[in-house]
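All the letters of the sequence shown, read from the start, carry residue numbers 188 to 312 under my numbering. Cβ coordinates follow ideal geometry from the N, Cα and C atoms, glycine included.
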Amino acid sequence: MVSKVVSADGDTLESFEDGASQRIMSSGTAEQLRSAMVTVVEDGTGSNARIPGLEVGGKTGTAQHGENNSKTPYAWFTSYAKDPDTGKAVAVAVLIEDSGAERSEVSGNGLAAPVAQKMMEAALK
């Protein structure tokens, strides 16, 4: 699922061979999932990940933290972006732990989606 790890400068640090693959869902289910993820970014809770000219899909979330959810939650955003002209695509997952933000300010869109957006833009430029 991961083809390579690259540095901030774009240098390849490690490459991985393609492994055996198998279908894990039908094409119809995959299309429904893609459509739902695009809707999250275009019209929903992932709007901070939008990138003009690219198809971007995502899923926002928060995760409880600490005994009885006593600490500031974590914020996360799982996403992909695809350039319709080149077909080049990237998938990114961001988890923000111990952000220092007020509990009421913690959200996947507010904290994690902007980080994912910058990562996807950099990968596809």
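Among the residues of its own chain, which have a CB less than 6 Å from the CB of residue i, if the five just before and after it don't count?
i    : result
T247 : T232, G233, F264, G295 and N296
V302 : V281
V279 : S266, A303, M306 and M307
L184 : The chain is shown only over 188 to 312; residue 184 falls outside these bounds and no answer can be derived.
Looking only at its own chain, which residues have a Cβ that is under 7 Å from the Cβ of residue i, when we skip the five neighbours before and after it?
i    : result
V293 : T249, T259, P260, A262 and S286
P271 : E242
V189 : F203
I238 : A268, Q304, M307 and E308
Q251 : P260
V277 : Y267, A268, M307, A310 and L311
Let me know if residue i comes out buried or exposed under the rule of 16 or more other beta-carbons within 10 Å of its beta-carbon.
i    : result
I211 : exposed
A217 : exposed
Quick one: Cα of residue i to Cα of residue j, how far?
i    : j    : result
A223 : Y267 : 12 Å
Q209 : L220 : 18 Å
T226 : A236 : 12 Å
A309 : D230 : 23 Å
S194 : M306 : 12 Å
I283 : Q304 : 14 Å
V311 : G253 : The amino acid at residue 311 is misidentified as Val; the sequence shows Leu. Roughly 37 Å between the two C-alpha positions.
A288 : A207 : 42 Å
G240 : A300 : 17 Å
S213 : G244 : 19 Å
Going by DSSP, which residues form a beta bridge with residue i?
i    : result
I283 : A262
K269 : E242 and A276
Within a Cβ cutoff of 8 Å, which residues of the same chain sit near residue i, ignoring the five residues on either side of it in sequence?
i    : result
G199 : According to the sequence provided, residue 199 is Thr. The question's Gly does not apply to it. For T199, where only same-chain residues beyond five positions count, the Cβ hits under 8 Å are K191, V192 and V193.
Beta strand (DSSP E) runs contained entirely in the segment 204 to 265, provided each spans 3 or more residues: For secondary structure counted as the beta strand (DSSP E) over 3 or more consecutive residues, the segment 204 to 265 holds these complete runs in sequence order: 242 to 252.
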